[in-house]
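Undergrad: Have a look at the structure that comes next, please.
2 protein chains.
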Amino acid sequence: MSRKKLAPARTRDLERSRKEILEAAFLEIFTRGFQGVSIDDIVGKTSLTKGAFYHHFSTKLELGYALVEEVIQPMILERWIRPLEAYKNPLVGILKQMEKLIGECDPAHLKLGCPLNNLVQEMAPVDKGFKTRLQHALLLWISETDGHLKRAKADGLIHSDVNTRQLATFIVMAHEGFYGLLKGVGEPAVFAALLGSLKRYFATLTV
Amino acid sequence: MSRKKLAPARTRDLERSRKEILEAAFLEIFTRGFQGVSIDDIVGKTSLTKGAFYHHFSTKLELGYALVEEVIQPMILERWIRPLEAYKNPLVGILKQMEKLIGECDPAHLKLGCPLNNLVQEMAPVDKGFKTRLQHALLLWISETDGHLKRAKADGLIHSDVNTRQLATFIVMAHEGFYGLLKGVGEPAVFAALLGSLKRYFATLTV
DNA sequence: CAGATTACATACTGACTGGTATGTTGTCAA
DNA sequence: TTGACAACATACCAGTCAGTATGTAATCTG
Chain A
0 MSRKKLAPAR TRDLERSRKE ILEAAFLEIF TRGFQGVSID DIVGKTSLTK GAFYHHFSTK
60 LELGYALVEE VIQPMILERW IRPLEAYKNP LVGILKQMEK LIGECDPAHL KLGCPLNNLV
120 QEMAPVDKGF KTRLQHALLL WISETDGHLK RAKADGLIHS DVNTRQLATF IVMAHEGFYG
180 LLKGVGEPAV FAALLGSLKR YFATLTV
Chain B
0 MSRKKLAPAR TRDLERSRKE ILEAAFLEIF TRGFQGVSID DIVGKTSLTK GAFYHHFSTK
60 LELGYALVEE VIQPMILERW IRPLEAYKNP LVGILKQMEK LIGECDPAHL KLGCPLNNLV
120 QEMAPVDKGF KTRLQHALLL WISETDGHLK RAKADGLIHS DVNTRQLATF IVMAHEGFYG
180 LLKGVGEPAV FAALLGSLKR YFATLTV
């Protein structure tokens, strides 16, 4: 039928296998932590075996690095930066996205926290390779947020005396803090309290 | 000399040994995570052995529980709640304590984060016993903060339309978020940005 | 089509892990 | 003083871990 150039239907596909491993690793590490997950756990959630794993990643740490660079960092941009393009006022967009991605999130999923924050807390002080990659992702997040805030400031939507970089840092901190506290305190009511406070803060920054 | 009732100078002291283990465990787990530290690591930092460890704690998890209840939770109260008693306006006290305990902290020590937050992020979704104890510590922190805020509101220092419980939740979130972000981004300049934003927020709440 | 190479699968290893079994010695009550 | 027990120390175990050695079949290249 359709076995031309696209859809090769091969039994061996380097790219696809790598993605399969990364996806399984993401879920396992997301729920149980990097140090709490074994390579056998990961390949067990896969149609592949350990041999395949070490064909793709020279070590467990290398897998972790790839996870940050190829899965988590793009996910951050896709979930928290891209959507802001649709808003004239990014502060409105940030609150809306929080409501959508955190407030309406399944509590069972929410108690797992934020994939980026989880790795930061667990691995940043333990391994330098993790540290630099996680730091890069966080700074990128801050910079991209800052970009949108600068635009809003130029449009006269944010008070002229607001330091946008400083505000962007605070906003990223709030994301991590939201996830972190919600992870510790089960009650979803906490989210309403946090969002309410942030909303009040944002109101004082708006012209 | 002084071998009366106090200072027994015994070679075997249940309380002291337990404290020694807890203290060593705290430092090791603080730097490398609960799952990243072995019991042999802990007793290695001690004048005792594995036999002593299992005489005091039936399992590694039990040690973790004791750590939260007997070391970390009291530490939170001592560092973040007690000092507020000296301030008429607790919002001023909170900023001052942050400057003192975070801003003036040795960066090498700061990159390890907050002991409570570390355990929340690593262990809350993994083990239920951890979850409940960590949740209890966080809610206590929020409640105690709320108490001080209520007092300030009654004194007319905080606007009457402020929901103090909501604000207390936000403040605890900010503590965790500060530590978390500083852990990920090495630069101490980030602290200034975060504190600046929080200061601006607090100013809008004050009468 | 043939040989080379890639993309895996299988089986294994030494180091480490949480936990146990058992021995030993301080401490204290009678 | 003397047993009894508490507070450890030592040696060990079965399971797990990251990583390796080696075999094999699919795919590509010429």
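Listed in order, the protein sequences are those of chains A and B. The first sequence runs 0 to 206 under numbering that gives the first Met the number 0. The second sequence runs 0 to 206 under numbering that gives the first Met the number 0. Backbone N, C-alpha and C define an ideal beta-carbon position, used for all residues, glycine too.
1. Using only the alpha-carbon positions, how far apart do B/G185 and B/R11 sit?
2. Could you please give me the residues that DSSP links to B/T205 through a beta bridge?
3. Please name the residue in A/F29, A/V36, A/S46, A/Q34 whose C-alpha comes closest to that of A/K18.
4. By the 10 Å Cβ neighbour count, where 16 or more other Cβ atoms means buried, how is B/S207 classified, buried or exposed?
5. Please list, in chain order, all residues of the same chain as A/P114 whose beta carbon is under 6 Å from its beta carbon, the five residues on each side excluded.
6. Exposed or buried, A/E61, counting other C-beta atoms within 10 Å across all chains shown (16 or more means buried)?
7. Return yes when the Cβ of B/T203 is within less than 8 Å of the Cβ of A/L193, no when it is not.
8. Once DSSP output is grouped into helix, strand and coil, what is the label at B/D145?
9. May I have the straight-line CA-CA distance separating A/P82 from A/K95, to the nearest angstrom?
10. Whose C-beta lies closer than 6 Å to the C-beta of B/S1 among residues of the same chain, with five residues either side of it excluded?
11. Pull up the CB-CB distance for A/L133 and A/L118, whole angstroms please, since I reckon it's below 8 Å.
12. Taking only beta-carbon positions, decide if B/P7 is within less than 8 Å of chain A.
13. Are the beta-carbon atoms of A/F33 and A/E98 separated by less than 8 Å?
14. Hey, how far is the Cα of B/L5 from the Cα of B/E143?
15. For a contact defined as C-beta to C-beta under 8 Å, what are the partners of A/G63 on chain B?
16. Write down the C-beta distance between B/K44 and B/E27 rounded to the nearest angstrom, noting that I regard them as a contact closer than 8 Å.
17. Going straight from the alpha carbon of A/P7 to that of A/R15, what length do you get?
18. Where does B/R11 sit, in a helix, a strand or coil, going by DSSP?
19. Hey, would you say A/I157 sits closer than 8 Å to A/V206, going by beta carbons?
20. From which residue to which residue does the alpha helix (DSSP H) around A/I80 run?
21. What number of angstroms, rounded off, separates the C-alpha of A/M172 from the C-alpha of B/E175?
22. First and last residue of the alpha helix (DSSP H) that includes A/V119?
23. Got a sec? Which residues, its chain only, sit under 6 Å from A/K3 by beta carbon, not counting five neighbours each side?
24. Using a C-beta to C-beta distance shorter than 8 Å, which residues of chain B count as neighbours of A/K182?
25. Is any beta-carbon of chain A found at less than 8 Å from that of B/L166?
26. My guess is that B/Y178 and A/Y200 are in contact by the Cβ rule of under 8 Å, so how many angstroms apart are they, rounded?
27. Within the 8 Å Cβ cut-off, does A/V42 reach chain B?
28. To the nearest angstrom, how far is it from the Cα of A/V129 to the Cα of B/Q165?
29. Under a three-way DSSP split, which group does B/I49 fall into?
30. Note down, in chain order, every chain B residue with its Cβ under 7 Å from the Cβ of A/S196.
31. Can the beta-carbon of A/V161 be found closer than 8 Å to that of A/K152?
32. Identify whether A/F29 lies in helix, strand or coil by the three-state DSSP scheme.
33. State the start and end residues of the unbroken alpha helix (DSSP H) segment that holds A/K95.
34. For B/K110, which of helix, strand or coil comes out of DSSP?
35. Taking A/I38 and A/A23 to be in contact with their CB atoms under 8 Å, please state how far apart those CB atoms are, rounded to whole angstroms.
36. Which word fits A/T58, buried or exposed, when buried means at least 16 other C-beta atoms lie within 10 angstroms of its C-beta?
TA: In terms of the structure at hand:
1. Reading the second sequence from its first residue, position 186 is the one you call residue 185 of chain B. Reading the second sequence from its first residue, position 12 is the one you call residue 11 of chain B. Taking the straight line from one Cα to the other gives about 43 Å.
2. Looking up residue 205 of chain B in the second sequence gives position 206. Paired residue(s): B/I157.
3. Counted from its first residue, the first sequence places residue 18 of chain A at position 19. Answer by Cα proximity: A/S46.
4. Lying before the first or after the last residue shown, residue 207 of chain B is absent from chain B, which here runs from 0 to 206.
5. Your numbering for residue 114 of chain A matches position 115 in the first sequence. F29, I71, listed in sequence order.
6. For the purposes of this step, residue 61 of chain A is identified with residue 62 of the first sequence, where counting begins at 1. So A/E61 counts as exposed.
7. As a working mapping, residue 193 of chain A is identified with position 194 in the first sequence. As a working mapping, residue 203 of chain B is identified with position 204 in the second sequence. For A/L193 and B/T203, no; Cβs fall outside 8 Å.
8. As a working note, residue 145 of chain B is residue 146 in the second sequence. Looking at B/D145 - three-state DSSP - the assignment turns out to be helix.
9. Along the first sequence, read from residue 1 onward, the residue named residue 82 of chain A stands at position 83. Along the first sequence, read from residue 1 onward, the residue named residue 95 of chain A stands at position 96. The alpha-carbon atoms of A/P82 and A/K95 are separated by roughly 10 Å.
10. Looking up residue 1 of chain B in the second sequence gives position 2. Because B/S1 sits at a pLDDT of 35, beneath the cut-off of 50, its placement in the model cannot be relied upon, and the point is left open.
11. Against the first sequence, residue 133 of chain A aligns to sequence position 134. Against the first sequence, residue 118 of chain A aligns to sequence position 119. Confirmed, about 6 Å.
12. Numbered from 1 along the second sequence, position 8 holds the residue referred to as residue 7 of chain B. Reliability fails at B/P7, whose pLDDT of 48 lies under 50, so the model's placement of it is uncertain and the value that follows must be treated cautiously. No, no contact with chain A.
13. Your numbering for residue 33 of chain A matches position 34 in the first sequence. Your numbering for residue 98 of chain A matches position 99 in the first sequence. Cβ atoms of A/F33 and A/E98: not closer than 8 Å.
14. Reading the second sequence from its first residue, position 6 is the one you call residue 5 of chain B. Reading the second sequence from its first residue, position 144 is the one you call residue 143 of chain B. The pLDDT assigned to B/L5 is 41, lower than 50, so where the model puts this residue is not dependable; a value taken from the coordinates is nonetheless given after this. One C-alpha to the other measures close to 35 Å.
15. On the first sequence, residue 63 of chain A is found 64 positions in, with the first residue counted as 1. In chain order: nothing, as chain B lies at least about 13 Å away.
16. The residue given as residue 44 of chain B occupies position 45 in the second sequence. The residue given as residue 27 of chain B occupies position 28 in the second sequence. Between B/E27 and B/K44 the Cβ distance is about 6 Å, and since that is below 8 Å, they are a contact.
17. Sequence index remark: in the first sequence, residue 7 of chain A carries index 8 (1-based). Sequence index remark: in the first sequence, residue 15 of chain A carries index 16 (1-based). Unreliable positioning characterises A/P7 in this predicted model, as indicated by a pLDDT of 47, which lies under 50. The coordinate reading is nonetheless provided below. In a straight line, the C-alpha of A/P7 is about 12 Å away from that of A/R15.
18. Taking the second sequence and counting its residues from 1, one reaches residue 11 of chain B at position 12. In this structure, B/R11 counts as coil in the three-state DSSP scheme.
19. Taking the first residue of the first sequence as position 1, residue 157 of chain A is located at position 158. Taking the first residue of the first sequence as position 1, residue 206 of chain A is located at position 207. For A/I157 and A/V206, yes; Cβs fall inside 8 Å.
20. Translated into the one-based positions of the first sequence, residue 80 of chain A becomes position 81. First-last for A/I80: undefined, no H or E at that position.
21. Numbered from its first residue, the first sequence carries residue 172 of chain A at position 173. Numbered from its first residue, the second sequence carries residue 175 of chain B at position 176. Approximately 9 Å, taken between the alpha carbons.
22. In the first sequence, the residue the question calls residue 119 of chain A occupies position 120. Residues 114-122.
23. Numbered from 1 along the first sequence, position 4 holds the residue referred to as residue 3 of chain A. Confidence at A/K3 is low in this model, with a pLDDT of 32, below 50, so its placement is unreliable and no value can be given for it.
24. For this step, residue 182 of chain A is matched to residue 183 along the first sequence. Neighbours of A/K182 on chain B, chain order: V119, Q120, A123, P124.
25. Position 167 of the second sequence holds residue 166 of chain B. Chain A, which has a Cβ nearer than 8 Å to the Cβ of B/L166, makes this yes.
26. Stepping through the second sequence from its first residue, residue 178 of chain B is reached at position 179. Stepping through the first sequence from its first residue, residue 200 of chain A is reached at position 201. 20 Å between Cβ atoms; not a contact.
27. Taking the first residue of the first sequence as position 1, residue 42 of chain A is located at position 43. Not an interface residue.
28. As a working mapping, residue 129 of chain A is identified with position 130 in the first sequence. As a working mapping, residue 165 of chain B is identified with position 166 in the second sequence. Looking at the sequence shown, residue 129 of chain A is not Val but Phe. Roughly 35 Å between the two C-alpha positions.
29. Taking the first residue of the second sequence as 1, we reach residue 49 of chain B at position 50. The question names Ile, but residue 49 of chain B is Lys in the sequence shown. DSSP places B/K49 in helix when its eight states are reduced to three.
30. Residue mapping note: residue 196 of chain A aligns to position 197 of the first sequence, counting from 1. Q165, L166, F169, listed in chain order.
31. Within the first sequence, numbered from 1, the residue matching residue 161 of chain A stands at position 162. Within the first sequence, numbered from 1, the residue matching residue 152 of chain A stands at position 153. Taking 8 Å as the Cβ cut-off, A/V161 and A/K152 qualify as a contacting pair.
32. Taking the first sequence and counting its residues from 1, one reaches residue 29 of chain A at position 30. Helix at A/F29.
33. Looking up residue 95 of chain A in the first sequence gives position 96. Note, A/K95: alpha helix (DSSP H), 89-97.
34. Counting from one through the second sequence, the residue named residue 110 of chain B turns up at place 111. DSSP places B/K110 in coil when its eight states are reduced to three.
35. As a first step, residue 38 of chain A must be located in the first sequence, where it is residue number 39. As a first step, residue 23 of chain A must be located in the first sequence, where it is residue number 24. Actually they are not in contact, since the Cβ atoms of A/I38 and A/A23 sit about 11 Å apart, beyond 8 Å.
36. Walking along the first sequence from the start, residue 58 of chain A turns up at place 59. With fewer than 16 other Cβ atoms within 10 Å, it is exposed.
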